[in-house]
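In UniProt numbering, the protein residues as written are 1 to 435.
Working notes, beginning with the structure itself.
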């Protein structure tokens, strides 16, 4: 949408039109809010390449009232299990069995689908509700309004807008967070200054890519379940994705996430098929010595290098005059993609904030500082819990030394024989554990 019709005032300004910002906009609109404005710094939504490829059970549930879940299910791959493996054996045959046993769980599984496609369905719903994001608008200023009514936002184009509430859903390099002067730190090292642009030197970088694998696929390579391998280089994750609807041959697409330790040299920014093939061959059971089980990387659809870092905003809500600033998604917390938690947590908190905030917008009620702060504190605790969980997964996958790895594998193998542990692992990832 052109910026020519940008209003000068709005009740709620949402900065960031990715899946998190779009979700909070839809939630506000569905709960009666009308005067909301959503802006984004990019010219158009991303159409290829995204880190998130899993929509977990609890997220599917909160999206259901929006009318999006059925479309996602029709397009995505339903996944009811995952495995944690070495190149030669399965350590933990994980599943979502604990969800199937709960009558209050509507979707006892995960759904495998690209974030770009999830975002597309959310944008479609937003347009059905009569809204579109103003693009491109880069936020460069955010101050309390002179009349105390809320905030005034300034964009690089020179345009201004006054808003009672501002929602920062603008990613890990959030301008909203920076301009609102909200700190961002490692939860386990709060003395470390703003780390949103800093890399954890102790954690290997990840190659994240979508690839076409050659037919026929290895017989044991699932088209529905996630396979996690702990190999010589660290963790390699293989996730099946829906075929390209425009590809008449229906070539199988897989997301591959691979750790690249220092012993292999600098991880390439744009890994080619040969490098990705080497990651598969070295660390999984689908190497060339497995004959029929050899998975062959035919071509690369998209690739990126991801350097793991983690951090959390000092606060998720900050008052300004009669309004305030809310942070959510990567603007509020960042962590490893292990476990597929980032987008899912962001969507769930977007729904929670939208439902809480809607009555104050639709009914014109004065803000409830206590309510806003209590929810922000709760959301921050959940985010730190997710950070700790993903850090644990990364640490387990990046262990060095044959003895330590053997001990890890034995402990995991033993845990994998316990049905409670197998199902709890799925429950932990599903989103119900954190709300």
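Even for Gly, the Cβ is constructed at its ideal location relative to N, Cα and C.
Predicted model only: the values in this text are computed from it and were never measured.
Taking the continuous beta strand (DSSP E) assigned at residue i, which residues delimit it?
i           : result
residue 113 : Taken as a continuous stretch (DSSP letters only), residue 113 belongs to no beta strand (DSSP E), as it is neither H nor E.
residue 86  : Note, residue 86: premise wrong, no beta strand (DSSP E); not H, not E.
residue 210 : 206-213
residue 229 : 226-230
residue 259 : 253-259
residue 246 : Element bounds for residue 246: n/a, residue is neither H nor E.
residue 162 : 160-168
For the alpha helix (DSSP H) containing residue i, list its first residue and its last residue.
i           : result
residue 277 : 273-283
residue 69  : 69-75
residue 235 : Taken as a continuous stretch (DSSP letters only), residue 235 belongs to no alpha helix (DSSP H), being part of the beta strand (DSSP E) at 235-241.
residue 179 : 175-179
residue 407 : 402-416
Evaluate residue i with the Cβ neighbour count: other Cβ atoms within 10 Å of its Cβ, from every protein chain shown; 16 or more gives buried, anything less gives exposed.
i           : result
residue 388 : exposed
residue 266 : exposed
residue 336 : buried
residue 371 : exposed
residue 317 : buried
residue 128 : exposed
residue 152 : buried
residue 245 : exposed
residue 131 : buried
residue 104 : exposed
residue 498 : Outside the shown range of the chain, which is 1 to 435, sits residue 498, and nothing can be said about it.
residue 464 : Nothing about residue 464 can be reported from this structure: the residues present for the chain run from 1 to 435 only.
residue 11  : buried
residue 117 : buried
residue 59  : buried
residue 107 : buried
residue 271 : buried
Taking only three categories from DSSP, how would you classify residue i?
i           : result
residue 140 : strand
residue 433 : coil
residue 154 : strand
residue 105 : coil
residue 220 : coil
residue 127 : helix
residue 8   : coil
residue 118 : helix
residue 390 : helix
residue 91  : strand
residue 263 : helix
residue 286 : coil
residue 421 : helix
residue 149 : coil
residue 172 : coil
residue 98  : helix
Report yes if the C-beta of residue i is less than 6 Å from at least one heavy atom of the ligand MN; otherwise report no.
i           : result
residue 397 : By its list of ligands, the structure shown contains no ligand whatsoever, and the ligand MN lies outside what it can speak to.
ask   = At a cut of 8 Å, does the stretch 82-99 reach the stretch 282-297 through at least three beta carbon pairs?
value = yes
Secondary structure, beta strand (DSSP E): runs of 3+ residues fully inside the stretch 10-63 = 36-39
inquiry  = Report the start-end ranges of each alpha helix (DSSP H) in the stretch 305-373 that is 4 residues or longer and not cut off at the edges.
reply    = Within the stretch 305-373, the complete alpha helix (DSSP H) runs of at least 4 residues are 342-362.
query = Should the stretch 248-262 be regarded as contacting the stretch 204-216, the criterion being three or more beta carbon pairs within less than 8 Å?
reply = With the rule of 3 Cβ pairs closer than 8 Å, the stretch 248-262 counts as touching the stretch 204-216.
ask   = Do three or more CB pairs link the stretch 159-176 to the stretch 66-84 at distances below 8 Å?
value = no
inquiry  = If contact is defined by three or more beta carbon pairs under 8 Å, each pair taking one atom from either stretch, is the stretch 15-33 in contact with the stretch 352-368?
reply    = yes
message = I'd like to know if the stretch 110-127 and the stretch 16-26 are in contact, where contact means that at least 3 CB-CB pairs between them fall below 8 Å.
response = Yes, the stretch 110-127 is in contact with the stretch 16-26.
message = Measuring CB atoms only, is the stretch 406-413 touching the stretch 39-47, in the sense that at least three cross pairs come out at less than 8 Å?
response = no
Given 8 Å, three or more beta-carbon pairs between the stretch 295-311 and the stretch 349-357 = no
message = Any contact between the stretch 419-431 and the stretch 332-348? By contact I mean 3 or more CB pairs, one from each, below 8 Å.
response = yes
query = Does the stretch 215-231 touch the stretch 308-326, meaning 3 or more C-beta pairs lie closer than 8 Å?
reply = Too few Cβ pairs lie closer than 8 Å, so no.
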